[in-house]
Each structure stands twice: as structure tokens, then as C-alpha cells.
Amino acid sequence: MGAAGRGRVMALQIDFKSLITETVTAPRSAAERVLALGLGKESLGLLVALVAVVNTILYSLSLSLFESSTGVQTGMNLPILYLMILTSVIVLGAVVLRWVGQMFGGQASLGQLLSLIVWLQVMRAIAQAGLLVLTLILPGLANMVALVLGLFGLWIMVNFLDVAQGWNSLGKSFLVMVLAGVGFVFGLSLFMLLIGASPMGV
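Position 173, counted from 1, in the sequence shown is what the working numbering calls 158; the numbers after and before it change by one each time, with no gaps.
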């Protein structure tokens, strides 16, 4: 990584605590701060890999905890597959949001959208770690908190997208999120089909 890339990652680390707080209390301002970092391809590639690995570890721990506490073997604790899917979700999500956003006059670049999604994955990892601890103490409450956090995360994403695309319209941002979601599911389904078809030689 070049000096500029290291400096930008360090800037993110230095402002880490305040950026977390601002993401929760003032998501639009937080989005502007993330975009102002101007992360390059090298930095983004490293950060995508990092957040994907951390979230995969937390996912595997959460699933292991669920299986051990309930005695139910889900057969879904496949960290390598989950890592591949999550990495694809992050990158494909940015691509689809940019593509759909451009149809509505959006101005965000792929790098900008990827930067925001990566930061949301950082927030997700923090929330997931907290939920993991809460599950050990009050499992029933953890489920309700997870639902609330999921809805709040959607609200943050809508604000992030609105800032990046320069619309100043949460309604338009939400609509683009819905349309992008449809396109994303289609793209991910195609990706999964290719993964499933490959071992069979199709």
C-alpha cells in the first residue's frame, strides 16, 4: 500500500470513535466524512477483505453459539463460503447501487459507494459483536435488538446513499435501494448458480 493509502486508512482509525457516534446520531454528516477520505482502490481492496473476514468470524461464532445453546445443527456454519458470498455482496452491492443510481441522475462513483458500504460493514461488525455478548446474557432481548438494529441500519444506508448521489431526497434514495435490491438479488442468484454449476461441470 502506498503512503497515501496508509494515510487514509490511518485517518479512518484516528476518527474511529467519533465517526461511529456520528453515524448513529448524524448519518448524513458521517457519510460526508467517509467520502472525504477519498479512499483509493488499494485501500478499498484491503478494507473490503478486512471487513469481510471480521464479519465472517462473527457470523461463525454466532452460529456456533446458537447451535450449542439449542442443540440444533443448522449445517450452515461454512465460513469460507460465507466469506465468498459476503465479499461478493459488498462489491456487487456497490455496482448495482451505482448502476441504478445513474438511471436517476445519481453522481456517486463506484469507489464512493464502496467506501460507504465498507463503513456500514464496520458498523455491522460492531453491532454483531454486541449482539453476540447480549445473546449470552439475554437471548430473547438480543432477537428484538437485532430487528431494531436492522431497521436502523436501513435508515442509515438510505441517508448514506442520498448524500453520495447528491439527490437530497430520501424518497428517491429509498426507491433506488428497493430497485437495486431486486437487481442485486438477481445478480447474486446468478453468481450462486455459477458456483453451484461449476462443480458439476455445467
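Every residue gets a Cβ at the ideal spot worked out from N, C-alpha and C, and that includes glycine.
From residue i to residue j, what distance separates their C-alpha atoms?
i    : j    : result
I75  : G166 : 13 Å
L175 : S14  : 36 Å
L39  : F171 : For the sequence presented, residue 39 should be read as Val rather than Leu. Cα to Cα, V39 sits roughly 26 Å from F171.
L48  : A79  : 27 Å
A16  : P64  : 30 Å
L95  : M108 : 20 Å
Q97  : T41  : 23 Å
E52  : W84  : 39 Å
Q29  : T72  : Going by the sequence as given, residue 29 is Leu instead of Gln. The straight-line gap from Cα to Cα measures roughly 12 Å.
A182 : S45  : Annotation note: pLDDT 49 at A182 (below 50); position unreliable, coordinate value reported separately. Cα to Cα, A182 sits roughly 25 Å from S45.
A37  : L68  : 6 Å
Going by beta carbon distance, what residues of the same chain come within less than 8 Å of residue i, once the five residues before and after it are set aside?
i    : result
V143 : L155, S158, F159, M162
L179 : none
L116 : S47, A127, V130, A131, L134
K26  : G96
L119 : L126, A127, V130
L105 : G138, I141, M142, F145
R18  : D0, L4, E7
Would residue i be called buried (16 or more neighbouring beta carbons within 10 Å of its own) or exposed?
i    : result
Q150 : buried
M185 : Residue placement at M185 cannot be trusted, given a pLDDT of 41 that sits under 50; the coordinates are not used to answer.
What did DSSP end up calling residue i once you bin it into helix, strand or coil?
i    : result
A11  : coil
A149 : helix
L134 : helix
S154 : coil
A37  : helix
A114 : helix
G91  : coil
L4   : helix
G96  : helix
L63  : coil
G30  : helix
G172 : helix
G25  : coil
L123 : coil
Skipping 5 residues on each side, what residues in its chain have a beta carbon closer than 6 Å to that of residue i?
i    : result
G168 : V81
L146 : S158
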